[in-house]
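In terms of the numbering used here, the sequence shown has 282 at position 278, counting the first letter as 1, and numbering is strictly consecutive.
Ideal placement from N, C-alpha and C gives every residue a C-beta, glycine not left out.
Notes follow once the structure below has been shown.
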Amino acid sequence: MGFEALSRGPSNSPLHAPQALFKVAELHGMQTALDWSCVRSALKTFAQLKLPGQVFVNLTPCSMLDAEFAPANVLAALKKVGLDSSQLVIEITENACQLDYGLLRNAVAALRAAGIEVAMDDLGEGFSSLRLWSELKPAFVKIDKHFISGIHEDPHKSQFVRSIVQLAGGANTRVIAEGVESVSELAVLQDIGIRHVQGYLIGRPSPTPAQLPPREVVAVMQSGVVSVLPYLRGVDGSHISAARLVMSAPFVTPLTASQDVLDMMLQHPELHAVAVVDKGIPVGIIHRPAVLNRFIGLYGRELYGRKPCAEFMDADPLIVDKATQINELSELVVKKGKAAFTQGFVITSKGRYLGLGSGFDLMREISEMQIIAARYANPLTGLPGNVPIQEREVRCHGMLARFDRERLALFSPDHVDAGGYRSEDRRGAPTFHALVSLSIGAVLIDPEHYHHYQEVSRAAAEAKHHAKRIDGSSLFVDQRKIPFGRRLINAAGETVLPELDCV
């Protein structure tokens, strides 16, 4: 938790707004004096309120080069109010003064040597900000709020911020996102890898700021869920389940002697845990550290060796079915706690023990999903590109082929040869019925043209209707961009619809 100090003029004067206050000071040659006064006031208030973390104070490059801001003077001001140098961050703001990068670099180095960190404000706002970052090597860079506002709906902004995060990683710089005002923005920033944020969602300016962020902010920041961005979510991930993570592992019963569990662990060093299973149903899990800690003493075997292992098993482990989707599993692991991630979980098939899963394998699978999503996403819209769509079509055709093969077992050879059978219809009249078939109707949804879920529902119903009109098992893909139900009028005044595409 950190706090940025904001300065205001007297509330009953024309100089209350900071822009007016600092502009007048600059016109009268008192910019440095005002900056120094603001710094001392911020340090005093921060100390009096006993706030945790660090206090960020703004300085122009010109003020930083003034003798008043020599490290010795700043350290003296900190000592006077009982603060440590590590609690102060000098935030450099751009202004119209001529920059001397060499002098500024020396000033920052001197502050750093005194234990005072430096941040760079409004990255992306000015033309010289990237050079300033390169020259000064600050501990923090703040991304201008323009790039944060609405980032959950703008792939261009997310790509810009992602690039900044990658640059910061190579420069050993921490990134702070400014202007965060919604949980949706915060969630995307968390996805991208930003761990420091500020804005009205976290807290509004106040003479007595809260020492903890709102509960909803903490929930997002501590969720730890590695997820695909909202506009990449669902790309070829729905068919990946916990079954891919299953590791075949031996199990024990609740009555198995503890020393037998220890021997199993020693014989199989790759085992991070052992499931406890009663008549095929998992009832607990024993983690390797729990076993080793139990027998680490001099008389461990004598004291605990013959006791049933159920006495020290985790009786409330995370147990998931093999059909659980990866994204859902990641949320369950996070909700369960650190142990489920570091020490694993139990995977079942229809309630019966199947094997174990590890947090490492889960993270690897999610990372692969993210890479695939990013690789095939349209760079302009952030939506899935043609490759994932084509993969879905291939899977659909595979399902149709399998259905046509397996249906044959339900009919007599004569019916198969004839392609159907004769039977009464709904009205009781004899008629020829073709072999049962499977029809799939699909719609490609373009967010720019579909504005309501009812439009999607109507389009899906229309696609199903066209699919059922095709003889035999078939896949029909409606590739019209304009939703079904929105009428188009041609030059003759006739109502028309875009052409359909049947696959």
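- Membership of residue 43 in the alpha helix (DSSP H) is indicated by the continuous run 35 to 52.
- Comparing alpha-carbon positions, the option among 214, 211, 194 lying closest to residue 223 turns out to be 194.
- Look at residue 113 here: in three-state DSSP terms it is helix.
- Put simply, of 394, 28, 325, 124 the residue whose alpha carbon is nearest the alpha carbon of residue 350 is 325.
- Ranked by how close their Cα comes to the Cα of residue 249, the residues 363, 278, 394, 116 have 363 in first place.
- For the pair residue 433 and residue 467, the Cα-to-Cα distance works out to about 30 Å.
- When the alpha-carbon of residue 354 is set against those of 262, 285, 291, the nearest one is in 285.
- For residue 60, the secondary structure class from DSSP, reduced to helix, strand or coil, is strand.
- Per the DSSP secondary-structure output, residue 357 pairs in a beta bridge with 352.
- The Cβ-Cβ distance between residue 28 and residue 58 does not fall below 8 Å.
- With respect to the 8 Å criterion, residue 203 and residue 214 are not classified as neighbours on the basis of their beta carbons.
- By alpha-carbon distance to residue 356, the top candidate from 329, 288, 366 is 288.
- Following the DSSP letters along the chain, one finds residue 180 inside the beta strand (DSSP E) bounded by residues 178 to 181.
- Cβ-Cβ distances below 8 Å link residue 304 to 298 in the same chain, with the five nearest sequence neighbours on each side left out; the list follows chain order.
- With a cutoff of 8 Å on beta-carbon distance, residue 144 and residue 123 are scored as near each other.
- Between the alpha carbons of residue 77 and residue 164 lies a gap of roughly 39 Å.
- With a threshold of 16 other beta carbon atoms within 10 Å, residue 372 falls short and is exposed.
- Close CB contacts of residue 191 within its chain, under the 6 Å cut and outside five residues either way in sequence, are with 224 (chain order).
- Between residue 461 and residue 407, the C-beta spacing is not below 8 Å.
- In this structure, residue 400 lies near residue 479, with their beta-carbon atoms less than 8 Å apart.
- Distances from the alpha-carbon of residue 201 to those of 120, 149, 266, 416 put 149 closest.
- Counting C-beta atoms within 10 angstroms of its own C-beta, residue 138 has fewer than 16 neighbours from the protein chains shown and is therefore classed as exposed.
- Taking 8 Å as the upper bound for CB-CB distance, residue 108 and residue 69 are in contact here, some 7 Å apart.
- Runs of beta strand (DSSP E) with 3 or more residues, each lying fully within the region 267 to 327, are found at 277 to 282, 285 to 291, 323 to 325, listed in chain order.
- Counting only residues of its own chain and dropping the five nearest sequence neighbours on each side, residue 181 has a CB closer than 6 Å to the CB of 147, 152, 193, 198, 201.
- In the three-state DSSP reduction, residue 5 falls in the coil class, being neither helix nor strand.
- Residue nearest to residue 218 within the set 187, 196, 246, 247 is 187 (criterion: CA-CA distance).
- Apart from sequence neighbours up to five positions away, the residues of its chain that approach residue 291 with a beta-carbon distance below 6 Å are 277, 347, ordered along the chain.
- Membership of residue 68 in the alpha helix (DSSP H) is indicated by the continuous run 65 to 68.
- With respect to the C-alpha of residue 210, the residue from 316, 49, 437, 352 having the closest C-alpha is 49.
- In this structure residue 279 touches residue 360 by the C-beta definition: roughly 6 Å separates them, less than 8 Å.
- Under the three-state reduction of DSSP output, residue 425 falls in the strand class.
- Secondary structure at residue 92: strand, using DSSP grouped into helix, strand and coil.
- In terms of Cα proximity to residue 56, the closest of 312, 19, 7 is 7.
- Counted as a single uninterrupted DSSP element, the beta strand (DSSP E) harbouring residue 443 occupies residues 443 to 447.
- When the Cα atoms are used, residue 352 and residue 323 turn out to be separated by approximately 7 Å.
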